[in-house]
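A quick write-up on the structure given underneath.
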Amino acid sequence: MNIKDIASIVGAAYGGEDLEITSMNALKDAKEGQLSFISNAKYVKDIAISQASAILVDEKTKEYVPDNCVALVVDNPYMKMAILSKSFAPLIEDSRLDKAIVGEGTRISPKAEIAHGVRIGKNCTILAHVYIGTSCVIGDNTVIYPNTTIYRDSIIGSDCVIHSNTAIGADGFGFATNASGEHTKIYQNGNVVIEDDVEIGSNVSIDRAVFGSTRLQKGVRIDNLIQVGHNCVLGEYSVLVAQSGIAGSTTLGRNVVLGGQSAIAGHLTIAPFTSFAARSGVTKSIKESGLTFAGFPLMEHKPWLKLQSKIAKLLK
Amino acid sequence: MNIKDIASIVGAAYGGEDLEITSMNALKDAKEGQLSFISNAKYVKDIAISQASAILVDEKTKEYVPDNCVALVVDNPYMKMAILSKSFAPLIEDSRLDKAIVGEGTRISPKAEIAHGVRIGKNCTILAHVYIGTSCVIGDNTVIYPNTTIYRDSIIGSDCVIHSNTAIGADGFGFATNASGEHTKIYQNGNVVIEDDVEIGSNVSIDRAVFGSTRLQKGVRIDNLIQVGHNCVLGEYSVLVAQSGIAGSTTLGRNVVLGGQSAIAGHLTIAPFTSFAARSGVTKSIKESGLTFAGFPLMEHKPWLKLQSKIAKLLK
Amino acid sequence: MNIKDIASIVGAAYGGEDLEITSMNALKDAKEGQLSFISNAKYVKDIAISQASAILVDEKTKEYVPDNCVALVVDNPYMKMAILSKSFAPLIEDSRLDKAIVGEGTRISPKAEIAHGVRIGKNCTILAHVYIGTSCVIGDNTVIYPNTTIYRDSIIGSDCVIHSNTAIGADGFGFATNASGEHTKIYQNGNVVIEDDVEIGSNVSIDRAVFGSTRLQKGVRIDNLIQVGHNCVLGEYSVLVAQSGIAGSTTLGRNVVLGGQSAIAGHLTIAPFTSFAARSGVTKSIKESGLTFAGFPLMEHKPWLKLQSKIAKLLK
């Protein structure tokens, strides 16, 4: 998309030369050819590491944009990013692409739907009423049970099992809200990447990234009815027990265990080998590995047990 | 259905003239031609505003029924209402109706199922394995992702997005239980109405009303794995974050925000612009607008934070 | 499967005579011809009641195995059981079986998928995009709404209603983890049995048993978005409210009521007519019938209410 068209959509002045913008990205991840935005002064420091070719800024932050990057000055960069996200959204399905390529030994139910541009490896089993969207890639020996939906651009490894009625790659929950309280959708133009040997239960929701990827690393185990927000990274062999949830952009180290009905807030980092008891509510990053936590507000498991007994004594 | 047949099913005496009963409804909402019931003395006051043509009552409440309304006296009006609800249930699918009418530019997957009596507007996208039940109505530009189920009689507006594996209009959770603990289903003969510009995530359950409608007003945003009980009304631009739930017959004002894993009990009213932090448990109506709450039991967010620090001090 | 092959897979010495092992089972439930395992010294007492023909044991527990039972000595019986479980897993679909047998008056959508070996009774309604796996058995008058998945070997009674997007019989959440934190799947070779007059909401996950059956007894009522772990038994007329969950191997007596967003830990027994308020967290068995509980940690409902008022006073 041409930067002049972008400037026109968001109402920014732009007198520079033509420049092709391929996609949008977060400030710190943006590469050459990408457009980013700054919606919060605390991210100003990310400008230094950004390789974005253009940034949506407001009057207060425009001064931080270096000379080799275009500053598009607008009055509400976050809302303007939301408006622009629609322009970068791919087609829901793209039938101009080639028909799916399927490896030897793979069985696909005639009642499954495999979109164009898909590549599936060997010896997979794709059962009835599965949907695999445009340009998905699936490895070898993977089993996908009925009524599961894999949205476009998802990448799934080998030796995975995905149980029924699960949604991989639906839109993350993103919108910009104006002063009257009306919402504008932020199109979620990233994807989901699931590495090898991952098992996912039934009725699970793993949202696609707004930019980049939501990622489940090798060996992850996900029980039923679990929420994984956009842009999360689940470390190798992490275990999420039923009805737990993780908000957006949180990263788990390897072998993190999240107990049933637990939750982790967004934008946190959890050290490897951390365990959370059932119903934990995690609102801060965990830096030390190997500890066990409980409760909401969260604390280490042993003092939590002690605290519960102190609380019970209030009755006496 | 004839009132004499109704009296016969529930074992009530009726010597009056023939009267056609079209449907059942709650006491305060019932119109002429409808049958209602009174199962709890606290609703006696609703008789005054009811336009019901007939009411199932017991010996104690029959005296409150005015002369222009038929009192059908039974020993357990709630159970008798449950038994009768089956008689008013429409067919699950009704192939006697005309085939669906579909607007220009709308794409429907050959692997979707569109029942009879459906009307779909222009430029919609209905993906594989979607089910749209008898007599549903859908506006323009709406996208319904794979494996989503829209039960019969649902009405969905324009510019909506409904993600995959979501259930719109399944039966609300209603039954009458006898003294031995056995349950009798209350057929849920209402519907779901979703207004324009609503986005709903994956694996969401929005139940149809027992009578009347469950309603999502314009601009509502619903994340994943969320429960909306029968007869709820979600005000314009309300936001429900992942894994939250609302029990039956609760009304949210506009721009209410319900945090992740929060819950609101049934039959409550929440003032506009109320926010609930994650894990809130709401058991009382909120009358003042614009406040933020947390915790279970619920309190305002600031004292809740203070209380948590007081509780933590019990450990010392 | 021949015991010599089993010994070879797990690396156990075996010099005895040939013995056919039909399946695996828990120690206390194992019958002649079955293989079991002991992974925890506290289950040593179950050896006395076990009828297993062979048991995976380690050096410390081998001495408890009686003479009429084969002791296969390995260094990690639980992991070896996991490895062996794959050998006993049936085909995901078995097209060698006869085509489904369907009773009179049953309507099956052409867009449903009914696997081989299935038997369905009279006057059922099976809607579009339903999947009924190999060798399932369904009674009379049962309704299964769209996009619901019934995994192979499930048994469902008469007069049941199963709402849309529900998963019956997906794998329970089971794996063995080695010292490096890598997981090995425990194949879930049991099934789900649902008795007559059961209603199940939308987006529900009821996992198949690892051995034996997960069982929902007559008259159970399950709301939406609920987790029932492998090997649970839900007593007659029990009621599970939305977003509640039960971990594996827990048994509810009849007419247990589990409030919204509540949870019960695994391996517990709950007395009949027990009620749990919303958000209860149950970690111990309940032996006395007819009581009402609340909170996490759990206590009786009345002291819980009192305790909440004591806690609130900490603010003063």
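These protein sequence lines map, in sequence, to chains V, R and H. Using numbering that gives the first Met the number 0, read the first sequence as starting at 0 and increasing by one per residue. Using numbering that gives the first Met the number 0, read the second sequence as starting at 0 and increasing by one per residue. Using numbering that gives the first Met the number 0, read the third sequence as starting at 0 and increasing by one per residue. Beta carbons are placed, not taken as given, at the ideal position from N, Cα and C, and that holds for glycine. Predicted, not measured: the structure shown is a model, and the values here were computed from it.
Next item on the list: Under the assumption that residue 130/R contacts residue 145/H (Cβ atoms under 8 Å), give the Cβ distance between them as a whole number of angstroms.
Entry: 4 Å
Note to self: So the candidates are 291/H, 128/H, 133/H; which of them puts its Cα closest to the Cα of residue 110/V?
What the structure shows: 128/H
Notebook entry, point to check: Which partner residues of residue 226/R appear in the DSSP bridge assignment?
Noted result: 204/R, 244/R
Checklist line | Residue span of the beta strand (DSSP E) that contains residue 9/H, given as start and end | finding: Per DSSP, residue 9/H belongs to no beta strand (DSSP E); it is in the alpha helix (DSSP H), 2 to 9.
Notebook entry, point to check: If you draw a straight line from the C-alpha of residue 10/R to the C-alpha of residue 71/R, how long is it?
Noted result: 9 Å
Margin query: I'd like to know if residue 128/R contacts chain V, where contact means its C-beta is closer than 9 Å to some C-beta of that chain.
Written below: yes
Check: In chain R, which residues lie with their C-beta within 7 Å of the C-beta of residue 222/H?
Finding: 172
Checklist line | Bridge-paired residues (DSSP) for residue 190/H | finding: 212/H
Notebook entry, point to check: Assuming residue 250/R and residue 203/R make a contact with CB atoms under 8 Å, what is their CB distance in whole Å?
Noted result: Actually they do not touch by this definition, with Cβ atoms about 19 Å apart.
Check: In terms of DSSP beta bridges, what is residue 220/H paired with?
Finding: 198/H, 238/H
Checklist line | Under 9 Å from the C-beta of residue 318/R: neighbouring residues of chain H | finding: Since the first and last residues shown for chain R are 0 and 315, residue 318/R lies out of range.
Next item on the list: Mind listing the chain V neighbours of residue 307/R? Cutoff is C-beta to C-beta under 8 Å, in chain order.
Entry: 296
Next item on the list: Look up residue 155/V in the DSSP assignment and give the residues it is bridged to.
Entry: 137/V, 193/V
Notebook entry, point to check: CB-CB under 6 Å to residue 231/V, same chain, minus the five flanking residues each way: which ones, in chain order?
Noted result: 213, 245, 249
Notebook entry, point to check: Which two residues bound the contiguous alpha helix (DSSP H) that contains residue 46/R?
Noted result: Taken as a continuous stretch (DSSP letters only), residue 46/R belongs to no alpha helix (DSSP H), as it is neither H nor E.
Notebook entry, point to check: What runs of the alpha helix (DSSP H), each 4 residues or longer, lie entirely inside the segment 48 to 117 of chain R?
Noted result: 76 to 84
Notebook entry, point to check: DSSP three-state call for residue 308/H: helix, strand or coil?
Noted result: helix
Next item on the list: Following the continuous beta strand (DSSP E) through residue 34/H, name the residue where it begins and the one where it ends.
Entry: 33 to 36
Next item on the list: Can you give me the Cβ contacts of residue 77/R inside the same chain, cut-off strictly under 6 Å, excluding the 5 residues immediately before and after it?
Entry: 38, 175
Check: For residue 98/V, does the count of other Cβ atoms within 10 angstroms reach 16, so buried, or fall short, so exposed?
Finding: exposed
Next item on the list: Determine, using beta carbons only, whether residue 152/R and residue 173/R come nearer to each other than 9 Å.
Entry: no
Notebook entry, point to check: Terminal residues of the continuous beta strand (DSSP E) containing residue 259/H?
Noted result: From DSSP, residue 259/H is part of no beta strand (DSSP E); its letter is neither H nor E.
Item checked: Between the CA atoms of residue 237/V and residue 79/R - distance to the nearest angstrom -> 52 Å
Notebook entry, point to check: What did DSSP end up calling residue 301/H once you bin it into helix, strand or coil?
Noted result: helix
Notebook entry, point to check: Do residue 134/R and residue 117/R come within 9 Å of each other at the CB atom, strictly closer than that value?
Noted result: yes
Item checked: residue 183/R versus residue 33/H - alpha carbon distance -> 42 Å
Checklist line | Simplified DSSP state of residue 40/R, which is helix, strand or coil | finding: helix
Next item on the list: Taking 9 Å as the cut-off, decide whether the C-beta atoms of residue 200/R and residue 162/R are in contact.
Entry: yes
Notebook entry, point to check: Using a beta-carbon distance below 9 Å, is residue 122/R in contact with chain H?
Noted result: no
Checklist line | Beta-carbon contacts of residue 267/R that lie in its chain and below 6 Å, excluding the five residues immediately before and after | finding: 249, 284
Note to self: Do residue 252/V and residue 272/V count as a contact pair if the criterion is CB distance below 9 Å?
What the structure shows: yes
Margin query: I'd like to check one pair, residue 258/V with residue 277/V: are the Cβ atoms closer than 9 Å?
Written below: yes
Note to self: Within 8 Å, do at least three Cβ pairs link the segment 79 to 92 of chain R to the segment 56 to 68 of chain R?
What the structure shows: no
Next item on the list: Note down, in chain order, all residues in the segment 177 to 208 of chain R with a beta-carbon under 8 Å from any beta-carbon belonging to chain H.
Entry: 180, 181, 182, 184, 202, 203, 204, 206
Check: By how many angstroms is the C-alpha of residue 168/R removed from the C-alpha of residue 150/R?
Finding: 5 Å
Margin query: Could you compute how far the alpha carbon of residue 281/H sits from the alpha carbon of residue 220/R?
Written below: 33 Å
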